[in-house]
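Engineer: Count the sequence shown with my numbering and you get residues 698 to 1048, in order.
Glycine included, C-beta positions come from ideal geometry on N, C-alpha and C.
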Amino acid sequence: MIVDCAHYRDGRRQHEGAMPLEQAAARCRLGGFVWLGMFEPSPEELSRVREVFGLHELAVEDARTFHLRPKAEQYEDGTELIILRTARYDDEREEIDTGEISVFLAEHFVITVRQGIASELHEARSRLEARPELLKTGSASTLWAIFDQVVDSYAPVVEELERDIEQIEATVFSGAVAPTERIYFLRREATDFYRAVHPLLAVLGRRLQSGKSTPALLPYIRDVHDHLLLVNEEVAAQRDLLTTVLEANIAVISVEQNKINLRQSATMERLTVLASVFLPLSFVVGFFGQNFEWLISHISGFPAFLALTVGGLLLPSLLLYAWLRRRRGHLAQPMPEVTHPVRREEPTLTE
């Protein structure tokens, strides 16, 4: 879909509204340049633009493909293809929406192909139209306007990522366990964002060193490069910080797991002691429950029954008490200090 198509000459837009492709191609021969803006065009629309403006087939194929990294290509006919990644933070989903802008730059025309919802260029066009002194420099001025808007759109994304990272960091370093999936998700987003920002430094750097920009545009391109360098440093620092937060969260999870294991061990110890206490009772119940014939022939009255019962309970209880007391005293003994013998050094002969 063609969003806008305008002819610029002498620093001004020559008409209102968009124009057909054939008329735009004819205006290229009248001086100045034509800026054609397209949003998610169909293959048929791209093929038509290629025929009208004589674009290289490989360049059009690149414009159809979604790339992970920005890049710049120079073709034999003088047309330059620059691909940029755009980014926008969605507050409701707390995610980064990405897009792509493919810029076909020639002396007499500029064609921008946008992919994704985070690739709006209306503000860049309006900003450039308000600077006639830059429009007079030619089609390269559109590249500055596009670079400037894309890099400016990175700053809110960096701020929102920083806010999310601070929330996760506060949770982890307070001793609580943060959702590991959320940390991995943030790190993946920071990595994808870094892939959009970092390669663009090389594209802008080559633009500054090649001398393709006019002296009037060089300070503006250099200013965009400085802003991009700052964003790149912040995104790289966020990636490193998320790695540290992930390691700290794993350490917190390990501490919590150790606490659970200690509580389980203490519970098992209490259950073991309780089971040991009931052992004498089990012995007495088992003795009197399975020896009816022996009881009838050996227990003649209540005193004998009482003696066997109390003795059967008291003797195991005393043995259990003695064993527990001995075990507690053994655990309370301090560990012996390990002393190392002092090795005496033998004197050495000196000349």
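By Cβ distance below 7 angstroms, which residues in the same chain neighbour Ser1049 in space, the five residues on each side in sequence not counted?
Structural biologist: As displayed, the chain neither begins before 698 nor continues past 1048, which places residue 1049 out of reach and without an answer.
Engineer: How would you write the range of the alpha helix (DSSP H) that Gly796 sits in, first residue to last?
Structural biologist: First-last for Gly796: Glu792 to Leu802, but that is the beta strand (DSSP E), not the alpha helix (DSSP H).
Engineer: For the beta strand (DSSP E) that contains Ala784, what are its first and last residues?
Structural biologist: Its beta strand (DSSP E) spans residues Glu777 to Asp787.
Engineer: At the level of alpha carbons, what is the spacing between Asp794 and Arg811?
Structural biologist: Whole-angstrom Cα-Cα distance: 14 angstroms.
Engineer: Please classify Ser962: is it buried, with 16 or more other beta-carbons within 10 angstroms of its beta-carbon, or exposed?
Structural biologist: Label assigned to Ser962: exposed.
Engineer: Excluding sequence positions up to five away, which residues of its chain have a Cβ less than 8 angstroms from the Cβ of Glu804?
Structural biologist: Closer than 8 angstroms at the Cβ level, and outside the excluded window around Glu804, lie Phe730, Gly775, Gly835 and Ser836.
Engineer: Reducing DSSP to helix, strand and coil, say where His805 ends up.
Structural biologist: Residue state, collapsed to three classes: coil.
Engineer: Helix, strand or coil for Gln711? Go by DSSP, reduced to three states.
Structural biologist: Coil at Gln711, not helix or strand.
Engineer: What does the alpha-carbon distance come out to for the pair Gln846 and His764?
Structural biologist: Cα-Cα distance, rounded: 19 angstroms.
Engineer: What number of angstroms, rounded off, separates the C-alpha of Glu766 from the C-alpha of Phe844?
Structural biologist: Per the sequence shown, the amino acid found at residue 766 is Arg instead of Glu. Taking the straight line from one Cα to the other gives about 15 angstroms.
Engineer: Under 8 angstroms by Cβ, that's how I've got Leu914 and Leu825 pegged, so tell me the actual separation to the nearest angstrom.
Structural biologist: With 8 angstroms as the limit, Leu914 and Leu825 do not qualify as a contact, their Cβ atoms being about 11 angstroms apart.
Engineer: Using a Cβ-Cβ cutoff of less than 6 angstroms, which residues in the same chain neighbour Arg747 once the five nearest sequence positions on both sides are dropped?
Structural biologist: Within the same chain, Arg747 has close Cβ partners Val757.
Engineer: Distance, Cα to Cα, Pro916 vs Glu953?
Structural biologist: Approximately 55 angstroms between the Cα atoms of the pair.
Engineer: Who pairs with Arg811 in a beta bridge, going by DSSP?
Structural biologist: According to DSSP, which records beta bridges pairwise, Arg811 is partnered with Phe736 and Ile798.
Engineer: For the segment 930 to 941 against the segment 889 to 896, are there 3 or more C-beta pairs whose distance is under 8 angstroms?
Structural biologist: In short, these stretches touch, since the Cβ pair count reaches three.
Engineer: So the candidates are Arg724, Glu754 and Gln864; which of them puts its Cα closest to the Cα of Glu791?
Structural biologist: Closest by alpha carbon: Gln864.
Engineer: For Tyr665, which of helix, strand or coil comes out of DSSP?
Structural biologist: No answer is possible for residue 665: it lies beyond the span of the chain, which begins at 698 and ends at 1048.
Engineer: Are Val854 and Arg904 closer than 8 angstroms when you measure CB to CB?
Structural biologist: Not closer than 8 angstroms, so no.
Engineer: In terms of residues, what are the limits of the alpha helix (DSSP H) holding Arg706?
Structural biologist: Segment Ile699 to Arg706 is the beta strand (DSSP E) holding Arg706; no alpha helix (DSSP H) there.
Engineer: Using a 10 Å radius around the Cβ and a threshold of 16 neighbouring Cβ atoms, would you call Phe870 buried or exposed?
Structural biologist: It counts as exposed.
Engineer: Could you tell me which residues DSSP puts in a beta bridge with Val847?
Structural biologist: DSSP lists no partner for Val847.
Engineer: Would you identify the three-state DSSP class for Phe730, choosing helix, strand or coil?
Structural biologist: Strand, per DSSP.
Engineer: With 16 other CB atoms within 10 Å as the buried threshold, where does Tyr881 fall?
Structural biologist: Tyr881 should be labelled exposed.
Engineer: Check Pro1013 in the structure and name its three-state DSSP category.
Structural biologist: Helix, per DSSP.
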